[in-house]
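Here is the structure we will look at, set down as structure tokens.
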Amino acid sequence: MVHRIGLDKARVVEEAARLIDEDGLEQLSLGRLAERLGVRTPSLYNHVAGLGGLKRDLALYCLRDLFDHTLRSAVGKAREEAIIAFSNAYLTYSREMPGRYMLTLAPNPDDPEAQQVAGKIVEVIAAILAPIIWGKKAPSTLSALYAALFTALLPWISPGAFVWL
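The opening position of the sequence shown corresponds to residue 1 in our numbering, with each subsequent residue numbered one higher.
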């Protein structure tokens with residue numbers, strides 16, 4: 001099969017992201033992805049390094065996507081308004097893109113690029129919380145507390161439930 005026009009690594013990863021949002025990460029396979037893209041499975045190897053490479057590319061894509069969503073929400077806001085905007089963006093992301101969200105929860109500790117992108121999210125959290133709690137906790141502690149609290153509460157917030165953020 002000839003290279004399909006318009007098929008590139010970005011399109012492959014974006015379609016994989018849509019697939020995991022709809023069906024979950026456990027349903028991701030090169031065969032299913034190729035079918036959705038209208039190509040044969042071997043064609044995907046021109047763009048990703050097998051299923052393992054796709055999952056790594058997908059994890060990086062999801063981390064960057066979450067970073068972009070949350071950062072954009074908080075830009076130009078300060079203190080409580082920034083916390084609320086960031087939290088709402090984080091919650092919305094987890095609800096609207098559940099497969100992507102799950103990939104952001106535990107970035108591969110052996111992947112420096114994943115750790116770097118995850119670190120950017122931590123920096124945003126620290127920048128938002130620092131003016132409120134400056135000097136009381138280290139930025140890494142603030143970010144860890146926020147992440148732990150939000151991750152712990154997230155499963156309890158169901159669609160349609162009252163959200164105080």
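C-beta: ideal position from N, C-alpha, C; glycine also.
Would you report the Cα separation of V12 and G53, rounded to the nearest angstrom? 12 angstroms
Tell me whether the beta-carbon of L166 lies closer than 7 angstroms to the beta-carbon of V122. The structure shown does not extend to residue 166, since the chain spans only 1 to 165, so no value can be given for it.
(Q) Just verifying my parser: in three-state terms, what is the DSSP assignment at K77? (A) coil
Item checked: Top-ranked residue by Cα proximity to D21, from K77, L103 and L44 -> Answer by Cα proximity: L103.
* How many Å lie between E26 and A17 at the Cα? -> 12 angstroms
Margin query: Determine whether the beta carbon atoms of R95 and C62 lie at a separation below 7 angstroms.
Written below: In this structure, R95 lies away from C62, with their beta-carbon atoms at least 7 angstroms apart.
Use the C-beta contact count for A59: other C-beta atoms within 10 angstroms, 16 or more gives buried, fewer gives exposed.
-> buried
Exercise. For D8, does the three-state DSSP call read helix, strand or coil?
Worked result: coil
C-beta atoms of R79 and I132 nearer than 7 angstroms
yes
Spatial neighbours of L37 within its chain, please: C-beta separation below 6 angstroms, excluding the five flanking residues on both sides. E15
Any idea if D23 is buried or exposed, counting beta-carbon neighbours within 10 angstroms, 16 or more meaning buried?
exposed
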